[in-house]
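Residue numbers (the numbering used here): 103 to 347.
As structure tokens, this is what we get:
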């Protein structure tokens with residue numbers, strides 16, 4: 103963990119690949135660790151008192167759950183993810199979101215998520231997976247999935263060719279697998295809430311890898327003091343934070 107944030111210019115426009123065809127791109131970030139500290143010192147005109155005291159105050163804020171100063175930092179991302187990921191993401195209603203529309207932009211062939219392994223249903227948790235299908239059985243299932251995608255796209259394209267509106271023709275597409283691009287914005291406080299839940303081992307894999315990528319490649323470089331405090335006081339139950347890949 104460094105004591106200095108990565109320069110904003112080095113982060114803007116950075117794109118990280120996620121899943122088979124997805125990615126996350128940082129479009130903008132407003133504020134840094136010092137902005138959080140200065141917000142907490144609003145009655146004192148937000149003047150820095152030196153790195154040691156500034157960092158100590160930030161850790162105090164995190165430890166005692168004084169959350170409003172963390173809302174002074176905002177991140178805006180452009181994200182390409184399959185609907186199976188967005189279905190989990192939109193439950194966090196503290197994000198501002200604008201989504202690609204299939205009514206205006208036609209979908210393209212092969213724009214579907216293909217898992218790299220097939221997870222088994224957990225026996226003791228109705229919402230989770232545990233273990234994986236054998237490689238041989240998984241390969242056969244993937245071939246079946248690809249055939250399903252090809253047929254669905256053929257039907258979609260045939261409907262478009264007959265003049266059917268894009269908004270209706272898309273019902274032929276395998277919905278949960280379609281990739282969408284969204285622009286999303288969130289403040290650091292609500293982003294940490296999202297990360298705490300979605301980096302957890304019991305989070306669905308297809309959103310966990312996006313949360314981990316945001317944390318490793320954007321949140322920690324932009325807010326190193328905040329990330330250190332976050333790992334110290336908020337994430338101990340998750341164990342060590344391990345980068346994906």
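Cβ atoms here follow ideal geometry from the backbone N, Cα and C, with glycine treated the same way.
Distance CB(residue i)-CB(residue j) smaller than 8 Å
i: residue 85; j: residue 138; result: Here the chain covers residues 103 to 347 and nothing more, so residue 85 does not appear.
i: residue 110; j: residue 131; result: yes
i: residue 152; j: residue 281; result: no
i: residue 312; j: residue 120; result: yes
Which listed residue (the options) has its alpha carbon closest to that of residue i
i: residue 83; options: 284, 306 and 246; result: Because the chain is modelled from 103 through 347, residue 83 falls outside the range shown and cannot be assessed.
i: residue 127; options: 318, 330 and 338; result: 318
i: residue 325; options: 153, 166 and 175; result: 175
i: residue 242; options: 282, 275 and 217; result: 217
i: residue 330; options: 132, 122 and 165; result: 165
Cutoff 6 Å; reference residue i; Cβ partners in own chain excluding five residues on either side
i: residue 45; result: The structure shown does not extend to residue 45, since the chain is modelled only from 103 to 347, so the question has no answer here.
i: residue 279; result: 184, 214 and 215
Residue i versus residue j - alpha carbon distance
i: residue 234; j: residue 294; result: 30 Å
i: residue 292; j: residue 265; result: 44 Å
i: residue 150; j: residue 134; result: 13 Å
i: residue 320; j: residue 118; result: 10 Å
i: residue 155; j: residue 140; result: 12 Å
i: residue 308; j: residue 136; result: 33 Å
i: residue 254; j: residue 274; result: 5 Å
i: residue 187; j: residue 229; result: 15 Å
i: residue 129; j: residue 177; result: 8 Å
i: residue 196; j: residue 189; result: 15 Å
Beta-bridge partners of residue i, as assigned by DSSP
i: residue 131; result: 177
i: residue 283; result: 182
i: residue 125; result: 119 and 182
i: residue 289; result: 176
i: residue 231; result: 223
i: residue 164; result: DSSP, once it has assigned bridges, lists no residue as partnering residue 164.
i: residue 199; result: 286
i: residue 214; result: 280
Cβ-based neighbour list, residue i, same chain, cut-off 8 Å, excluding 5 preceding and 5 following
i: residue 239; result: 220
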